[in-house]
Amino acid sequence: CPSLIYCHWCRAGGTPGCLAAMSNTMISDCSCLLCVLVYFSWVFLFEKAYQVRDTAIESSVMTKVKGFGVYNNKVMDVADYITPTQGASVFCIITKLITTENQVQGYCPESENKYACSRNSDCMRHLNKPGSYGIPTGRCIPFNSTVKMCEIKGWCPAEIDTITTPMMEVENFTIFIKNSIRFPTFNYTKGNFLPTITDSYIKKCNFDMVNNTYCPIFRVGDVVHYAQQNFTKLANTGGVIGIKIGWVCDLDKSDDQCNPSYSFTRLDAMSQKNTVSPGYNFRFAKYFKMENGTDYRTLVKAYAIRFDVLVNGNAGKFNMIPTLINMVAAFTSVGVGTVLCDIILLNFLKGAEQYKAKKFEEVKCPHPSAFLQVPFH
1 CPSLIYCHWC RAGGTPGCLA AMSNTMISDC SCLLCVLVYF SWVFLFEKAY QVRDTAIESS
61 VMTKVKGFGV YNNKVMDVAD YITPTQGASV FCIITKLITT ENQVQGYCPE SENKYACSRN
121 SDCMRHLNKP GSYGIPTGRC IPFNSTVKMC EIKGWCPAEI DTITTPMMEV ENFTIFIKNS
181 IRFPTFNYTK GNFLPTITDS YIKKCNFDMV NNTYCPIFRV GDVVHYAQQN FTKLANTGGV
241 IGIKIGWVCD LDKSDDQCNP SYSFTRLDAM SQKNTVSPGY NFRFAKYFKM ENGTDYRTLV
301 KAYAIRFDVL VNGNAGKFNM IPTLINMVAA FTSVGVGTVL CDIILLNFLK GAEQYKAKKF
361 EEVKCPHPSA FLQVPFH
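Heads up: the sequence shown runs through residues 1 to 377, numbered per the UniProt record's numbering.
Rendered as structure tokens:
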């Protein structure tokens, strides 16, 4: 480190004195102290290294959807378009249904165009390969009065996709989310129902990013918009939307400052770029039995918007152990230990004068007349 040299002419009584050149490391010490200040500001104030943190958040989520829609001339309520019905953290709102009723086990023609045929030999290439809706038999049979299709063995008749318009009322449905969390290290619990939320408020509020950031009721159209998606396209093909609830809590502060934050994203982003299988859909069936014991079913292919409620977070609280560890690390990393030792030895110990004599060296200055004797050319 560069030394700071102090030069001082003693002029007591007009007599020139001496020049004291001290090997003082003041600049180095100040630089070290500045480094320590920056380090402490970053690590202790911003990174909060004085706290012990708990990232093992425990969480429970309950959901409830409300709204009525009209689909295929039928009024749809929650029991018709929500699956599963338990109100868990993952649920689907069905936007489009393709229903095939009264299916029984038997033989029937396929319904997809790629199985069109004119003779049995056209269907032989599909043998030993899974068909769209059953097991191919290798026969070509009439589909209607003009078209022939390859025959399958399975649930008949085969599914026919004829529905093109989704249930657009879904955009105005609401999602109610109740979230409880716990940080086990501190035995701290909190929920997204803040003390400021009252019965009258909950009946009329809808979440928005500006005025109602803690309202636990979300309009479906707003959630899709916040995820930067087009609702019409999403309702037609289906998709997966993530509702993220973040809990970042400083438990050294008051309890009312530990609040949730909400964010939204499209989780199946790659699916929307895929033309082969875009969006999200699934099938389920309702089974029945005839009087003669024959089983039959109603098959439903559902296009849906799936919502995944994802909870994450961490909490911090003051603890002496990480504080001491990080303080020692700060001192050793920037060499501030030497600075502190100098301050203590020079000012507070009995042997300060002896240490000061070793630390500083006094050099006698030449008489000023010596400079006047130098010849000029």
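Using N, Cα and C, we set each Cβ at its ideal position, and we do this for glycine too.
For residue 120: DSSP bridge partner residues: Reading the sequence shown from its first residue, position 120 is the one you call residue 120. Answer is none; residue 120 lacks a bridge partner.
Nearest to residue 277 by CA position, among 312, 236, 258, 315, is which residue? Translated into positions along the sequence shown, residue 277 becomes position 277. Looking at the Cα atoms, 236 is the closest of the given residues.
Give the DSSP-derived three-state secondary structure of residue 58 in the structure shown. As a first step, residue 58 must be located in the sequence shown, where it is residue number 58. Of the three classes helix, strand and coil, the one that applies to residue 58 here is strand, per DSSP.
Extent of the continuous alpha helix (DSSP H) run through residue 235: The residue you call residue 235 lines up with position 235 of the sequence shown. It spans 231 to 237 - the alpha helix (DSSP H) in which residue 235 sits, taken as one unbroken run.
Quick one, are the C-beta atoms of residue 63 and residue 79 less than 8 angstroms apart? Here residue 63 refers to the residue found at position 63 of the sequence shown. Here residue 79 refers to the residue found at position 79 of the sequence shown. No; because the gap between Cβ atoms is not below 8 angstroms, this pair is not in contact.
Compute the Euclidean distance between the alpha carbons of residue 136 and residue 126, then round it to the nearest angstrom. Residue mapping note: residue 136 aligns to position 136 of the sequence shown, counting from 1. Residue mapping note: residue 126 aligns to position 126 of the sequence shown, counting from 1. Straight-line Cα distance between these residues: approximately 6 angstroms.
Contact between the stretch 90 to 110 and the stretch 297 to 317 is defined here as three or more beta-carbon pairs at a separation below 8 angstroms; is this criterion met? yes
Relative to the alpha-carbon of residue 254, which residue among 105, 316, 162, 175 has its alpha-carbon at the smallest distance? Residue numbering aside, residue 254 sits at position 254 when the sequence shown is read from its first letter. Comparing Cα positions, the closest option is 316.
DSSP on residue 114, reduced to helix/strand/coil? Counting from 1 along the sequence shown, the entry for residue 114 is found at position 114. Three-state result, residue 114: helix.
Please state whether the Cβ-Cβ distance between residue 156 and residue 103 is less than 8 angstroms. The residue you call residue 156 lines up with position 156 of the sequence shown. The residue you call residue 103 lines up with position 103 of the sequence shown. Contact flag set, yes.
State yes or no: is the C-beta of residue 271 within less than 8 angstroms of the C-beta of residue 244? In the sequence shown, the residue the question calls residue 271 occupies position 271. In the sequence shown, the residue the question calls residue 244 occupies position 244. Their beta carbons are not under 8 angstroms apart, which means residue 271 does not touch residue 244 by this criterion.
What residue from 38, 42, 48, 37 has the CA that sits closest to residue 322's CA? Position 322 of the sequence shown, counted from the start, is the residue given in the question as residue 322. When only C-alpha atoms are compared, the closest one is 48.
Residues that residue 194 bridges to, as DSSP identifies them: Here residue 194 is taken as the residue at index 194 of the sequence shown, counted from 1. DSSP output for residue 194 lists no bridge partner at all.
Terminal residues of the continuous beta strand (DSSP E) containing residue 304? The count along the sequence shown starts at 1 and reaches residue 304 at position 304. Segment 295 to 318, the beta strand (DSSP E) holding residue 304.
For residue 75, does the three-state DSSP call read helix, strand or coil? Locating residue 75 in the sequence shown gives position 75, where the first residue counts as 1. Three-state result, residue 75: strand.
DSSP state of residue 101, grouped into three classes? For this step, residue 101 is matched to residue 101 along the sequence shown. It is a strand residue.
Inter-residue spacing [alpha-carbon to alpha-carbon] between residue 122 and residue 74: The count along the sequence shown starts at 1 and reaches residue 122 at position 122. The count along the sequence shown starts at 1 and reaches residue 74 at position 74. Their Cα atoms are separated by approximately 41 angstroms.
Using a threshold of 8 angstroms, state whether the C-beta atoms of residue 109 and residue 160 are closer than that. Taking the sequence shown and counting its residues from 1, the one referred to as residue 109 is at position 109. Taking the sequence shown and counting its residues from 1, the one referred to as residue 160 is at position 160. Result no, Cβ atoms of residue 109 and residue 160 do not sit closer than 8 angstroms.
Quick check on this structure: which residue in 308, 222, 105 has the alpha carbon closest to the alpha carbon of residue 294? Position 294 of the sequence shown, counted from the start, is the residue given in the question as residue 294. With distances taken between Cα atoms, residue 294 lies closest to 105.
Figure out for me which residue from 287, 242, 260 has the closest Cα to the Cα of residue 250. Counting from 1 along the sequence shown, the entry for residue 250 is found at position 250. Taking only the C-alpha atoms, the option nearest residue 250 is 260.
Can you find at least 3 beta carbon pairs, one from the stretch 198 to 218 and one from the stretch 166 to 184, that sit closer than 8 angstroms? Below 8 angstroms, enough C-beta pairs join the stretch 198 to 218 and the stretch 166 to 184 to call them touching: three or more.
DSSP puts residue 65 in a beta bridge; with which residues? In the sequence shown, the residue the question calls residue 65 occupies position 65. Partner(s): 175.
Look up residue 187 in the DSSP assignment and say whether it is helix, strand or coil. If you number the sequence shown from 1, residue 187 lands on position 187. Three-state result, residue 187: coil.
Exposed or buried, which one is residue 66 when buried takes at least 16 other CB atoms within 10 Å? If you number the sequence shown from 1, residue 66 lands on position 66. Of the residues assessed, residue 66 falls on the exposed side of the cut-off, its CB having fewer than 16 other CB atoms within 10 angstroms.
Where does residue 280 land, buried or exposed, given buried means 16+ other C-beta within 10 angstroms? Counting from one through the sequence shown, the residue named residue 280 turns up at place 280. By the neighbour-count rule (16 or more Cβ atoms within 10 Å), residue 280 is buried.
Counting only the same chain and skipping the five closest in sequence on each side, list residues whose C-beta sits under 6 angstroms from that of residue 120. Here residue 120 corresponds to residue number 120 of the sequence shown, with the count starting at 1. 139, 140, listed in sequence order.
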